[in-house]
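Numbering (full-length UniProt numbering), first residue to last: 1 to 102.
The beta carbon of each residue, even a glycine, is placed where N, CA and C say it ideally should be.
Written out below as structure tokens is the structure these notes cover.
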């Protein structure tokens, strides 16, 4: 028991925060790779900036999709009108053939 307590007491302080070190990698990074700073404050500022850019990009994507969805609604409405006309024409044709058969 004393040995377990000694092992536990040896690691009294938590280790320092270690961030990903891109310089130690041999592989190539892609276009979207963002190298963050090792300094904690600067890293947090970079992360906030990146998150803000992400939010603004998402907002712009929503704005850009609105005319597209409006156009899609117009196309769907036009398709519905055409289908109604087609159904009416088929029904009239069917009724005409029934009337001629009698």
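Roughly how many angstroms separate the alpha carbons of residue i and residue j, rounded to a whole number?
i	j	result
residue 42	residue 17	14 angstroms
residue 51	residue 89	56 angstroms
residue 36	residue 46	7 angstroms
residue 70	residue 101	47 angstroms
residue 19	residue 33	15 angstroms
residue 54	residue 64	15 angstroms
residue 25	residue 49	25 angstroms
residue 59	residue 81	34 angstroms
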